[in-house]
Each structure stands twice: as structure tokens, then as C-alpha cells.
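Asks:
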Amino acid sequence: MDKLEHNGKICDKIVSEIHDSAFLIADFIGHRGGVYFEAGYAMGLGLPVIWLCREDEIDKAHFDTRQYNHIVWREPADLCEKLFSRIKATITS
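Heads up, the sequence shown is in my numbering, so the first residue is 7 and it goes up one at a time.
1) Suppose the cutoff is 6 Å on Cβ atoms and the five residues either side in sequence are ignored; what does the same chain contact list for A48 look like?
2) Output the distance between the C-alpha atoms of E87 and E81, rounded to the nearest integer angstrom.
3) Just confirm the distance between the C-beta atoms of W57 and Y42, as a whole number of angstroms; I'd bet it's less than 8 Å.
4) Can you pull the DSSP bridge partners for C59?
5) Hey, could you find the ends of the beta strand (DSSP E) A32 is sitting in?
6) Can you tell me which of the three DSSP states T96 falls into?
7) If contacts are defined as beta-carbon pairs under 8 Å, then H37 and K66 qualify, I think. What distance do you get, rounded to the angstrom?
8) Alpha carbons only, please: which of I64, A28, C59 and V21 is nearest the one belonging to T96?
9) Please identify the residue among H68, E63 and E61 whose C-alpha is closest to the C-alpha of G39.
Structure, rendered in C-alpha cells:
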């Protein structure tokens with residue numbers, strides 16, 4: 007989002023994009039603080055959140071988020087398959 011051209015605050019743009027979404031994919035690789043905010047905001051709106059993290063970083067995820075069903079993946083192909091299945095289940099439920 008910080009690479010897109012706009013004149014507003016980055017946070018306002020992110021909030022707007024989340025608000026207009028059907029669901030949110032929260033990628034916890036690197037455990038950036040913003041992803042926790044974004045996932046929480048989406049949850050507050052009642053949007054489904056798809057939680058994902060690479061296997062070697064899942065232990066670094068904050069314990070409050072570990073209660074959610076993360077897609078834990080090792081290889082990109084594994085992520086692609088699991089994410090496709092989760093998105094399909096999310097939009098058809």
C-alpha cells in the first residue's frame with residue numbers, strides 16, 4: 007500500500023480497502039505490526055480473516071492470534087494450494 011500513488015494517509019487507504027473487501031488475508035511473515043491492526047479491523051467489521059504464516063515463523067506469532075486456524079506452509083506451492091482451498095471455502099460459506 008505504501009508503494010501506491012495517493013495523497014491520503016496510508017492508514018486511511020488501508021482501512022478503506024479493508025472496508026470494501028469480502029475477506030482479508032493476514033500474512034504474518036515478518037510479523038509487521040500493521041497486519042495485527044488490519045486483521046483486527048477486519049474482524050471488527052465482521053469480515054472473515056484468512057490467517058497465514060510460513061512454518062519457520064509461526065512460533066513468533068503473538069499468542070492471541072495463534073488461536074485462529076492459520077494456514078501454515080513451507081513451500082510456495084503448498085501455500086498456493088492451501089490458500090486456494092481456504093478462499094474457496096470462505097466465499098462459499
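Idealized CB from N, CA, C, for every residue including glycine.
Replies: Inspection of the coordinates gives the following:
1) I24, L30 and V55
2) 10 Å
3) The pair is not a contact, with the Cβ atoms about 11 Å apart (cut-off 8 Å).
4) V78
5) L30 to D33
6) helix
7) 5 Å
8) A28
9) H68
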